[in-house]
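Colleague: Here the protein sequences come in this chain order: X and W. Okay, so the first sequence: first residue is 213 according to our numbering, each after it adds one. Okay, so the second sequence: first residue is 213 according to our numbering, each after it adds one. This is the structure I want to talk about, given as structure tokens.
2 protein chains.
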Amino acid sequence: MAAAARLVATNGFHATSMADIISESGLSAGAVYRYFRSKEELIGSVAETALSTADEAFADLLADGATPSPEQAVTAMITAITDRIVCDPVTGIDLTRIGMQVWSEALRNPELSARANEVYRRLRGNFAEVVRRRQAAGTLPADADPEQVGAAMLSLVQGFILQRLLVTDTDTGGYLAGMRVLLSGTPVFSRAAD
Amino acid sequence: MAAAARLVATNGFHATSMADIISESGLSAGAVYRYFRSKEELIGSVAETALSTADEAFADLLADGATPSPEQAVTAMITAITDRIVCDPVTGIDLTRIGMQVWSEALRNPELSARANEVYRRLRGNFAEVVRRRQAAGTLPADADPEQVGAAMLSLVQGFILQRLLVTDTDTGGYLAGMRVLLSGTPVFSRAAD
Numbered sequence: 213m214a215a216a217a218r219l220v221a222t223n224g225f226h227a228t229s230m231a232d233i234i235s236e237s238g239l240s241a242g243a244v245y246r247y248f249r250s251k252e253e254l255i256g257s258v259a260e261t262a263l264s265t266a267d268e269a270f271a272d273l274l275a276d277g278a279t280p281s282p283e284q285a286v287t288a289m290i291t292a293i294t295d296r297i298v299c300d301p302v303t304g305i306d307l308t309r310i311g312m313q314v315w316s317e318a319l320r321n322p323e324l325s326a327r328a329n330e331v332y333r334r335l336r337g338n339f340a341e342v343v344r345r346r347q348a349a350g351t352l353p354a355d356a357d358p359e360q361v362g363a364a365m366l367s368l369v370q371g372f373i374l375q376r377l378l379v380t381d382t383d384t385g386g387y388l389a390g391m392r393v394l395l396s397g398t399p400v401f402s403r404a405a406d
Numbered sequence: 213m214a215a216a217a218r219l220v221a222t223n224g225f226h227a228t229s230m231a232d233i234i235s236e237s238g239l240s241a242g243a244v245y246r247y248f249r250s251k252e253e254l255i256g257s258v259a260e261t262a263l264s265t266a267d268e269a270f271a272d273l274l275a276d277g278a279t280p281s282p283e284q285a286v287t288a289m290i291t292a293i294t295d296r297i298v299c300d301p302v303t304g305i306d307l308t309r310i311g312m313q314v315w316s317e318a319l320r321n322p323e324l325s326a327r328a329n330e331v332y333r334r335l336r337g338n339f340a341e342v343v344r345r346r347q348a349a350g351t352l353p354a355d356a357d358p359e360q361v362g363a364a365m366l367s368l369v370q371g372f373i374l375q376r377l378l379v380t381d382t383d384t385g386g387y388l389a390g391m392r393v394l395l396s397g398t399p400v401f402s403r404a405a406d
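What follows is the structure, encoded as structure tokens:
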């Protein structure tokens, strides 16, 4: 998995073959194929480690019936990414780079496309649970669709991943500060004027 | 440009060569190379047409000293994408697919990386102008950094592009409704309880 992650992060998914991965791993072909039938499966397993990190962060966030705000939930996810996913403890590489490779490859690879769909629905579902709890607590409108609000929250994380890799002056603290202002809504004093 | 867009949208940037593009275009190599030295330049020009659409949408949004809300600005961009960019009038193809190919290729292609950085700073700068006008009107906190708030607004557009292509039940109306709830902030009646 570490060999696959290194090669895909450096050369892209398309340009990486199972033979390259086997060679990079230093294992025999038989040893690798015993566990993984394809590079899609290998990268799926790498993605699974990043997702477990996200799941743990959501579990912490939602423990003991907590009702975190959308801002707190997005902050927790972005913190988990910068603390644990940009330097994965198992592979030592930035798993968000793998994510971006998978996004583009999924456009023409049905197996990756199905996995990406599943992954993003799971993450969106976690954000939707944050929304449901706020609705139950009366701090988000009861008639909002939790999955739709969750989709917008997921975007704030996906956009961070993208901008962190592609926009040179993106820093985590600044991004979170901007997100906080955006999510704080129209200040009360001026709401009547809108 | 249409030939390049078709091939990159279908096969990816990496797997598309200048020779493929020339063949697909039906033009001579000389005719193509007279205008474009590389596939990076070609795709840069295709991206430029999508960006012009975004610039026009921002120009409309900000005409006559208007002070649109962040929600209105994000909605205008997403509407421009679904109306004009997912089916580009010149190439007939979905330019957001090209965008996703460029995102991943930019991780290992310095020329594309420089272009992506420039493009996203320009878009973020447009959103930052929306923030500045709201600050001047007193409807966003004066001490917020416009570029940082603009980065979060840009994420809501980037995440939409990504989810529209990779999450099967993403629909534009639902996404905009969820974004609207997220950006409306904590309702006034419960703010004291937080």
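Think of the CB as a built atom: it goes at the ideal place given N, C-alpha and C, for glycine as much as any other residue. Model, not experiment: these values are computed from the prediction.
Could you tell me which chain W residues have their CB closer than 7 Å to the CB of MET365(X), listed as they occur along the chain?
Modeller: LEU394
Colleague: Thinking C-beta only, is ALA266(X) closer than 8 Å to MET289(X)?
Modeller: yes
Colleague: Going residue by residue through the region 273-324 of chain W, where are the continuous alpha helix (DSSP H) segments of at least 4 residues, counting only ones entirely within it?
Modeller: 282-292, 307-318
Colleague: In the DSSP assignment, find the unbroken alpha helix (DSSP H) run with SER235(W) in it and report its ends.
Modeller: Where SER235(W) is concerned, the enclosing alpha helix (DSSP H) stretches over 230-237.
Colleague: Hey, would you say ALA216(W) sits closer than 8 Å to LYS251(W), going by beta carbons?
Modeller: yes
Colleague: In this structure, how does DSSP classify PHE248(X) when only helix, strand and coil are distinguished?
Modeller: coil
Colleague: Using only alpha-carbon positions, find the residue among ALA278(W), ASP381(W), ARG320(W), MET365(W) that is nearest to GLY397(X).
Modeller: Comparing alpha carbon positions, the residue from ALA278(W), ASP381(W), ARG320(W), MET365(W) closest to GLY397(X) is MET365(W).
Colleague: Secondary structure at MET213(X), three-state DSSP: helix, strand or coil?
Modeller: coil
Colleague: Check whether the Cβ atoms of TYR332(W) and LEU378(X) sit closer than 8 Å, and answer yes or no.
Modeller: yes
Colleague: For a test of the three-state rule: what should DSSP assign to VAL379(X), helix, strand or coil?
Modeller: coil
Colleague: Spatial neighbours of GLN375(W) within its chain, please: C-beta separation below 8 Å, excluding the five flanking residues on both sides.
Modeller: THR382, TYR387
Colleague: By alpha-carbon positions, which one of ALA214(W), ASP300(W), THR261(W), LEU273(W) ends up nearest to GLY238(W)?
Modeller: ALA214(W)
Colleague: Is there at least one Cβ from chain W nearer than 8 Å to ASP357(X)'s Cβ?
Modeller: yes
Colleague: Quick check on DSSP: helix, strand or coil for SER240(W)?
Modeller: coil
Colleague: When we look at the beta-carbon of ARG403(W) and count the other beta-carbons within 10 Å, is it buried (16 or more) or exposed?
Modeller: Confidence at ARG403(W) is low in this model, with a pLDDT of 41, below 50, so its placement is unreliable and no value can be given for it.
Colleague: The alpha helix (DSSP H) with THR466(X) in it runs from where to where?
Modeller: In the structure displayed, chain X extends from 213 to 406; residue 466(X) sits before or after that span and is not available.
Colleague: Going by Cα to Cα distance, which pick from ALA259(W), GLY390(W), GLU283(W), ALA389(W) is closest to VAL361(W)?
Modeller: GLU283(W)
Colleague: Can you give me the C-alpha to C-alpha distance between LEU273(X) and VAL258(X), rounded to a whole angstrom?
Modeller: 23 Å
Colleague: Determine the burial state of GLY277(X): buried for a count of at least 16 other Cβ atoms within 10 Å of its Cβ, exposed for fewer.
Modeller: exposed
Colleague: Quick check: what's the CA-CA separation for LEU394(W) versus ALA349(W)?
Modeller: 22 Å
Colleague: Among the residues of its own chain, which have a CB less than 8 Å from the CB of ILE233(X), if the five just before and after it don't count?
Modeller: ALA215, ALA216, LEU219, VAL244, LYS251, LEU254
Colleague: Compute the distance between the beta-carbons of VAL314(W) and VAL369(W), then report whether it is under 8 Å.
Modeller: no
Colleague: Could you check which residue in ALA328(X), ALA354(X), THR380(X) has the C-alpha nearest to that of GLY390(W)?
Modeller: ALA354(X)
Colleague: Candidates ARG309(X), PRO358(X), ALA292(X): which alpha carbon is nearest THR384(X)'s?
Modeller: ALA292(X)
Colleague: Chain W partners of SER325(X), CB-CB under 8 Å?
Modeller: LEU378
Colleague: Can you find a C-beta in chain W that's less than 8 Å from the C-beta of PRO280(X)?
Modeller: When Cβ-Cβ separations below 8 Å define contact, PRO280(X) makes no contact with chain W.
Colleague: According to the Cβ coordinates, are THR279(X) and ARG334(X) closer than 8 Å?
Modeller: No, they are not a contact pair.
Colleague: Can you tell me the Cα-Cα spacing of ALA340(W) and GLU359(W), whole angstroms?
Modeller: 5 Å
Colleague: In angstroms with no decimal places, state the Cα-to-Cα distance between ALA316(W) and GLY224(W).
Modeller: Reading off the sequence shown, one finds Ser at residue 316(W), where the question assumed Ala. Taking the straight line from one Cα to the other gives about 10 Å.
Colleague: Helix, strand or coil for PHE401(X) per DSSP?
Modeller: Annotation note: pLDDT 41 at PHE401(X) (below 50); position unreliable, coordinate value reported separately. Here PHE401(X) sits in helix by DSSP.
Colleague: Is there a Cβ of chain W sitting closer than 8 Å to that of ALA292(X), yes or no?
Modeller: no
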